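Trainee:
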Amino acid sequence: MAKIINVVKGTKDILPADAPMWQRLEKNALEVFSKYGYKEIRTPIFEVTELFARGVGDTTDIVNKEMYTFEKSDRSLTLRPENTAGVVRSFIENGMTRLSPPVKLWYKGPMFRYERPQAGRQRQFHQVGVEMFGVKEPAADAEVILLAVNYLKSLGLNDLEVEINSLGCPECREAYKNKIKEVLKPEFDNLCDDCKNRYEKNPLRLLDCKVESCKAIFEKPEIKAVIQSDFICEACAEHYSKLKTYLDELKIKYIENKLLVRGLDYYNRTVFEIKSNNLGSQNAVCGGGRYDSLVRNLGGDDTPAVGWAMGMERLISLIPPVEAKKLDGYIVSNSPVEAFKLAEELRNEGFEVEFDLQNKKFTKQLEKASKVADYALILGEDEIKTNTVSVKNLATSTQKSVARVNIGSEIKNV
Ligand code: ATP
Ligand code: MG
5 MAKIINVVKG TKDILPADAP MWQRLEKNAL EVFSKYGYKE IRTPIFEVTE LFARGVGDTT
65 DIVNKEMYTF EKSDRSLTLR PENTAGVVRS FIENGMTRLS PPVKLWYKGP MFRYERPQAG
125 RQRQFHQVGV EMFGVKEPAA DAEVILLAVN YLKSLGLNDL EVEINSLGCP ECREAYKNKI
185 KEVLKPEFDN LCDDCKNRYE KNPLRLLDCK VESCKAIFEK PEIKAVIQSD FICEACAEHY
245 SKLKTYLDEL KIKYIENKLL VRGLDYYNRT VFEIKSNNLG SQNAVCGGGR YDSLVRNLGG
305 DDTPAVGWAM GMERLISLIP PVEAKKLDGY IVSNSPVEAF KLAEELRNEG FEVEFDLQNK
365 KFTKQLEKAS KVADYALILG EDEIKTNTVS VKNLATSTQK SVARVNIGSE IKNV
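Per the numbering used here, the sequence shown starts with residue 5, numbered consecutively.
#1: Nearest to Gln-362 by CA position, among Gly-291, Gly-138, Ser-339 and Glu-414, is which residue?
#2: Report back the beta-carbon spacing between Ile-231 and Cys-176 to the nearest angstrom; my notes put them in contact at under 8 Å.
#3: Excluding five sequence neighbours on each side, which residues of the same chain lie with their C-beta closer than 8 Å to the C-beta of Leu-208?
#4: State the start and end residues of the unbroken beta strand (DSSP E) segment that holds Cys-196.
#5: For Asn-162 and Ile-66, I'd like the C-alpha separation in whole angstroms.
#6: From Trp-26, Ile-9 and Lys-13, pick the residue whose C-alpha is nearest to that of Pro-324; which is it?
#7: Under 6 Å from any heavy atom of the ligand ATP, does the C-beta of Gly-291 make it?
#8: When the distance is taken between beta carbons, is Thr-47 closer than 7 Å to Gly-90?
#9: Our contact map puts Val-393 next to Leu-383 with C-beta atoms below 8 Å; I'd like the distance itself, whole angstroms only.
#10: Buried or exposed: which applies to Pro-308, given that a residue is buried once 16 or more other Cβ atoms fall within 10 Å of its Cβ?
#11: Do Met-136 and Pro-106 have their CB atoms nearer than 7 Å?
#12: Between Ala-373 and Phe-359, is the Cβ-Cβ spacing less than 7 Å?
#13: Does the distance from the CB of Phe-366 to the CB of Asp-332 come in under 7 Å?
#14: Taking the CB atoms as reference points, tell me whether Ile-335 and Leu-381 lie closer together than 7 Å.
#15: Please state whether DSSP places Thr-88 in a helix, a strand or coil.
#16: Spatial neighbours of Glu-226 within its chain, please: C-beta separation below 7 Å, excluding the five flanking residues on both sides.
#17: Looking at the secondary structure, which residues open and close the beta strand (DSSP E) in which Phe-129 lies?
#18: How is Asn-182 classed by DSSP in three states: helix, strand or coil?
#19: On a CA-only basis, which of Gly-311, Ala-328 and Lys-69 is nearest Val-139? Give me that one, please.
#20: Within a Cβ cutoff of 6 Å, which residues of the same chain sit near Ile-320, ignoring the five residues on either side of it in sequence?
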């Protein structure tokens, strides 16, 4: 026998038994996001590598370690590790900067990151996300957070924790970065290698480090005092405080977390995450924030923006299983031609119907019907002669003879 080939490490099949859960996530996304005026956008799964280097940031783990990059015709291409950069590219390229704001977009689809696979972490995974362009006011930040919470609610997830923080603007953040570097300087040798590397280029990212020995350093009183200090300028503080007022008024519970800095370089002012206590160590289902300089950095007109992305595998692991629906009817007949015709009639009327393509024994077909369908539609010689169908409700075992012309309207009454 030929050797079998397995799925690639860090990737997974979504099998038919799981498909109904994915369909629920996608259906609810369309329904909930549409209520807020968001339109779906589908961008390619690969882009030129430079888009991510410039868009996600070349001090990030994603760009430095995690990208699937390949060459074709002398171009460096990369499988998208996230979709904000692609959406921004499309937004600029298709002239959406000229549309009257806000421009509200949503997407879903696979992302690719070369990470260590573990529970809740894959190399091909899926995200659903939203981006809103053109509004700098904190009402936009509040809307996208509300949208995330309401999407989660639509999936029955009510008890998740929303964490928020403000990273300020590039100006006020500069002083904060310097203070953090200064207070961490005596501890430099005790930091993990990742933190040592980020110390110069991206000191805020240190605060997000998951290594226990680093976390302990940030807990030292003199260091913690600097981390927790209020550094944001007046305009950023006002933006942040208005956001909190909106969230309070809209009854969205949140926790302020000064250590929340997010993994991507492009954020300013608002950042947020939504976490679940039921996910173990990979506990974030949603991450997002404001990225007012990204459109300009990628060559577009200055356009403020805010958005988020959710990990769909992590959502799936939180929602209760969705049962696959049974067929409406299974035709039991030893006249395949007649069965074919009846099946087509019913399919045209919107019913989900199958019959036995192998024309097995009547009793076998009845057994199959009781497993896969709500109704057995018996089409024996007598029924064919009299132009009827014997409809058997497989839950109640009630059986009734129905005229063939009336079958579509009668079936559910048996
Ligand atoms: P994490 O801290 O869990 O690595 P992140 O900050 O890298 O998350 P984002 O890039 O903001 O995540 O992506 C948003 C969401 O996508 C995350 O909150 C998570 O639910 C999901 N996600 C990110 N990376 C993966 C992965 N490798 N496998 C599965 N889901 C992922
Ligand atoms: Mg990550």
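By construction, the Cβ of each residue, glycine as well, lies at the ideal position given by its N, Cα and C atoms. The structure displayed is predicted, hence computed values, not measured ones.
Mentor: Taking the definition as stated:
#1: In the sequence shown, counting from the first residue as 1, residue 362 sits at position 358. Selected option, being the one with the closest Cα: Ser-339.
#2: On the sequence shown, residue 231 is found 227 positions in, with the first residue counted as 1. On the sequence shown, residue 176 is found 172 positions in, with the first residue counted as 1. At roughly 15 Å, the Cβ-Cβ gap does not stay under 8 Å, so Ile-231 and Cys-176 are not in contact.
#3: Numbered from 1 along the sequence shown, position 204 holds the residue referred to as residue 208. Hits under 8 Å: Leu-171, Arg-177, Tyr-180, Lys-181, Ile-184 and Val-265.
#4: Counting from one through the sequence shown, the residue named residue 196 turns up at place 192. First-last for Cys-196: undefined, no H or E at that position.
#5: Here residue 162 refers to the residue found at position 158 of the sequence shown. Here residue 66 refers to the residue found at position 62 of the sequence shown. Cα to Cα, Asn-162 sits roughly 30 Å from Ile-66.
#6: The residue labelled residue 324 in the question sits at position 320 within the sequence shown. The residue with the shortest Cα to Cα distance from Pro-324 is Trp-26.
#7: Within the sequence shown, the letter at position 287 stands for residue 291. Yes - the ligand ATP has a heavy atom lying nearer than 6 Å to the Cβ of Gly-291.
#8: As a position in the sequence shown, residue 90 is number 86, starting the count at 1. As a position in the sequence shown, residue 47 is number 43, starting the count at 1. Yes, Cβ-Cβ distance for Gly-90 and Thr-47 is below 7 Å.
#9: Position 389 of the sequence shown, counting from 1, holds the residue named residue 393. Position 379 of the sequence shown, counting from 1, holds the residue named residue 383. About 6 Å separates the two Cβ atoms, so the contact holds.
#10: Taking the first residue of the sequence shown as position 1, residue 308 is located at position 304. Buried, because 16 or more other Cβ atoms sit within 10 Å of the Cβ of Pro-308.
#11: Here residue 136 corresponds to residue number 132 of the sequence shown, with the count starting at 1. Here residue 106 corresponds to residue number 102 of the sequence shown, with the count starting at 1. Closer than 7 Å, so yes.
#12: In the sequence shown, residue 373 corresponds to position 369, counting from 1. In the sequence shown, residue 359 corresponds to position 355, counting from 1. No; because the gap between Cβ atoms is not below 7 Å, this pair is not in contact.
#13: For the purposes of this step, residue 366 is taken as the residue at position 362 of the sequence shown. For the purposes of this step, residue 332 is taken as the residue at position 328 of the sequence shown. Not closer than 7 Å, so no.
#14: As a working note, residue 335 is residue 331 in the sequence shown. As a working note, residue 381 is residue 377 in the sequence shown. The answer is yes: Cβ separation under 7 Å.
#15: Locating residue 88 in the sequence shown gives position 84, counting from the first residue. For Thr-88, the secondary structure class from DSSP, reduced to helix, strand or coil, is helix.
#16: Residue numbering aside, residue 226 sits at position 222 when the sequence shown is read from its first letter. Excluding residues up to 5 positions away in sequence, Val-187 lie with their Cβ nearer than 7 Å to the Cβ of Glu-226 in the same chain.
#17: Counting from one through the sequence shown, the residue named residue 129 turns up at place 125. That run of the beta strand (DSSP E) goes 128-137.
#18: Counting from 1 along the sequence shown, the entry for residue 182 is found at position 178. The three-state secondary structure of Asn-182, taken from DSSP, is helix.
#19: Here residue 139 refers to the residue found at position 135 of the sequence shown. Taking Val-139 as reference, the option from Gly-311, Ala-328 and Lys-69 with the minimal CA-CA separation is Gly-311.
#20: Here residue 320 refers to the residue found at position 316 of the sequence shown. Only Met-25 meet the Cβ criterion.
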